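For reference, the structure discussed in these notes is given below.
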């Protein structure tokens with residue numbers, strides 16, 4: 003939108019095959035119906051390193067600019083691009099964990115001379131987008147890990163009770179409900195010592211917790 007390029011597309015590196023790019027089916031198009039066939043051909047194509055515009059970027063690791071795609075032998079979509087009047091194109095890599103994790107490509111109906119400022123800006127943008135994607139991947143991995151742990155805890159045969167560093171209950175699985183006879187929603191936020199620690203051991207428990215919080219050493 004900012005540069006007035008009517009078509010933009012995002013590809014991701016394949017998890018299954020190194021050096022292969024696949025469409026995310028994420029596009030920016032100004033005329034959806036006009037570019038319908040171009041989108042389909044692109045989405046059905048697996049771009050490998052060195053092949054096509056995305057493949058060239060994958061191979062070089064650098065932004066790539068094509069003045070006229072119809073005259074580019076290595077632009078494998080030139081027939082459909084020519085029929086749509088697509089002329090110039092450029093693409094740049096998105097760097098994720100020091101590797102090319104994705105590529106963005108853009109197309110114009112006009113012949114636009116190579117613009118070093120745009121290429122330099124896109125290189126910077128590729129690094130910033132990569133960091134954003136790294137953070138999202140980390141969040142997704144953490145969420146998946148938490149869901150796995152939650153499944154293990156909920157389906158376990160043992161009572162599982164979690165408390166924070168102040169001694170308040172933050173989790174309580176179904177087996178804990180059976181073992182202690184109290185529902186999860188009734189005990190969350192309560193002091194663990196008052197819920198399940200026998201009265202005669204509560205002072206020792208609190209002293210142990212204080213010692214553990216201060217030193218990081220058990221037994222609590």
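Residue numbers (the working numbering): 3 to 222. Just so you know, even glycine gets a beta-carbon here, dropped at the ideal spot from N, CA and C. All values derive from a computational prediction rather than experimental measurement.
Where residue i falls: helix, strand or coil (DSSP)
i	result
residue 169	coil
residue 106	strand
residue 214	helix
residue 72	helix
residue 185	coil
residue 192	coil
residue 132	helix
residue 120	helix
residue 101	strand
residue 44	helix
residue 56	helix
residue 141	helix
residue 176	helix
Anticipated Cβ contact below 8 Å, residue i with residue j, distance rounded
i	j	result
residue 9	residue 94	Residue 9 to residue 94, Cβ: 15 Å. No contact.
residue 170	residue 183	In fact, because the Cβ distance is near 20 Å, the residues do not count as touching under 8 Å.
residue 150	residue 161	Wrong, their Cβ atoms sit about 20 Å apart, outside the cutoff.
residue 53	residue 78	7 Å
residue 41	residue 29	6 Å
Classification of residue i by the beta-carbon crowding that lies within 10 angstroms, buried from 16 upward
i	result
residue 145	exposed
residue 221	exposed
residue 89	buried
residue 217	exposed
residue 15	buried
residue 13	buried
residue 153	exposed
residue 128	buried
residue 147	exposed
Cβ neighbours of residue i in the same chain (closer than 7 Å, five flanking residues each side left out)
i	result
residue 63	95, 102
residue 193	169, 170
residue 210	221, 222
residue 112	89, 90
Residue i vs residue j beta-carbon contact at 8 Å
i	j	result
residue 24	residue 46	no
residue 37	residue 86	yes
residue 115	residue 55	no
residue 83	residue 107	no
residue 207	residue 195	yes
residue 72	residue 60	no
residue 39	residue 99	no
residue 197	residue 189	yes
Beta-carbon contacts of residue i that lie in its chain and below 6 Å, excluding the five residues immediately before and after
i	result
residue 31	9, 37
residue 131	96
residue 167	215
residue 58	66
Any non-hydrogen atom of the ligand HEM closer than 7 Å to residue i Cβ
i	result
residue 104	No copy of the ligand HEM appears in this structure; indeed no ligand is present at all.
Sequence-distant residues of the same chain with beta carbon closer than 8 Å to residue i, five excluded per side
i	result
residue 44	11, 25, 79
residue 164	171, 172, 173, 174
residue 139	98
residue 22	15, 16, 48, 49, 50, 51
8 Å Cβ cutoff, residue i in contact with chain D
i	result
residue 49	Looking at the structure shown, chain D is missing, and only one protein chain is on hand.
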